[in-house]
Amino acid sequence: MFDEISRSIDEFGNSFLSALNNIQKSFGRELSVAKPVKETILQMIGNTPLIRLNQIGSHIPNVEFYLKAEFCNPTGSVKDRTALSMLLSSERRGELKPAGQVIQPGYNTTAMSLAWICTIRQYKFRCLVAGDTDPLKIKDLQTFGAHVEIVPGAKGNWDDSLLKRAKEIKEKKEYYYLKRVQRYGEYKCSLSFYRP
């Protein structure tokens, strides 16, 4: 009985491979049955698919529109690339040491991506938020491993008291502070947003 089952499995496998070979010949190229194995989930950041938008601009001759599906990044955010690029760049420059600590003033999608990537790369991540920050957003940050500190008196993401508190913490502890001007002005990090 076992031999019969084994033979049936072999026959099915051979039939499947034969069918796959025939399909590959029809297309004139090799087809991949599975995507390559990733060593870490961080390798899933980027290389997001392009989706042709057939209905948009269809009246314009010789023009095609595409959607870059950044929601396919691990956190679903376009900022996964930027956050990873900022951290790797800081590591290469020697500013962020192994098992280091990162501080970020203000809640935004970059903070979410940083919280998640810091957790994976084994950094402590501290996010400073204003008192009027949505409790669900705070919970999301905590779910991704962030320590969230509500700064008294701060209103909104761009309040100066958040920046002031970040500088205070940086001076007292060994936190690496990703300055907003540095983050968005850094050439390579900005380019990471446009990579495939």
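First residue of the sequence shown? That's 1 in full-length UniProt numbering, and the numbers climb one at a time after it. Where a beta carbon is used, it is the ideal one built from N, C-alpha and C, also for glycine.
For Phe65 and Asp159, the rounded distance between their alpha carbons:
To locate residue 159, count along the sequence shown from 1; it is residue 159. To locate residue 65, count along the sequence shown from 1; it is residue 65. Each residue's alpha carbon lies about 38 Å from the other.
Neighbourhood of Gly131 by C-beta distance below 8 Å, restricted to the same chain and skipping five residues each side:
The residue given as residue 131 occupies position 131 in the sequence shown. Around Gly131: Ile150, Val151, Pro152, Gly153, Ala154 and Lys155.
4-residue-minimum alpha helix (DSSP H) runs that sit fully inside the UniProt domain "Tryptophan synthase beta chain-like PALP" (42–179), ordered along the chain:
79–92, 109–120, 135–143 and 160–172
Report the option in Gly145, Arg52 and Ile45 whose CA atom is closest to the CA atom of Phe71.
Within the sequence shown, residue 71 is the residue found at index 71, counting from 1. Selected option, being the one with the closest Cα: Ile45.
Kindly list the residues whose CB is nearer than 6 Å to the CB of Leu141, restricted to its own chain and excluding five residues on each side of it in sequence; keep chain order.
One-based indexing of the sequence shown puts residue 141 at position 141. For Leu141, where only same-chain residues beyond five positions count, the Cβ hits under 6 Å are Ala115, Cys127 and Val148.
Sequence-distant residues of its chain with Cβ nearer than 6 Å to Ala146 (five each side left out)
On the sequence shown, position 146 is the one that residue 146 refers to. So the list reads Ala115, Phe125 and Cys127, once near-sequence residues are dropped.
Contact belief for Lys68 with Leu50 at Cβ below 8 Å, rounded distance in angstroms:
For this step, residue 68 is matched to residue 68 along the sequence shown. For this step, residue 50 is matched to residue 50 along the sequence shown. Yes, they are in contact, since the Cβ atoms of Lys68 and Leu50 sit about 6 Å apart, within 8 Å.
Out of Val37, Lys173 and Pro74, state which residue places its alpha-carbon closest to the alpha-carbon of Asp112.
Position 112 of the sequence shown, counting from 1, holds the residue named residue 112. Sequence inspection shows Met at residue 112; the Asp mentioned does not correspond to that position. Closest option to Met112, judged by alpha-carbon separation, among Val37, Lys173 and Pro74: Pro74.
Relative to the C-alpha of Ile169, which candidate in Ile56, Val102 and Arg52 has its C-alpha closest?
Residue mapping note: residue 169 aligns to position 169 of the sequence shown, counting from 1. Selected option, being the one with the closest Cα: Val102.
Straight-line CA distance for Ile60 to Leu53?
The residue labelled residue 60 in the question sits at position 60 within the sequence shown. The residue labelled residue 53 in the question sits at position 53 within the sequence shown. Roughly 13 Å separates the two Cα atoms.
Let me know if Arg121 comes out buried or exposed under the rule of 16 or more other beta-carbons within 10 Å of its beta-carbon.
Residue mapping note: residue 121 aligns to position 121 of the sequence shown, counting from 1. Looking at its Cβ environment, which holds 16 or more other Cβ atoms inside 10 Å, Arg121 is buried.
Just the Cα atoms here: how many angstroms apart are Tyr177 and Gly76?
Sequence index remark: in the sequence shown, residue 177 carries index 177 (1-based). Sequence index remark: in the sequence shown, residue 76 carries index 76 (1-based). Going by the C-alpha atoms only, they are around 24 Å apart.
Could you check how far apart the C-beta atoms of Thr110 and Thr143 are, in whole angstroms? I think they sit under 8 Å.
As a working note, residue 110 is residue 110 in the sequence shown. As a working note, residue 143 is residue 143 in the sequence shown. In fact, because the Cβ distance is near 16 Å, the residues do not count as touching under 8 Å.
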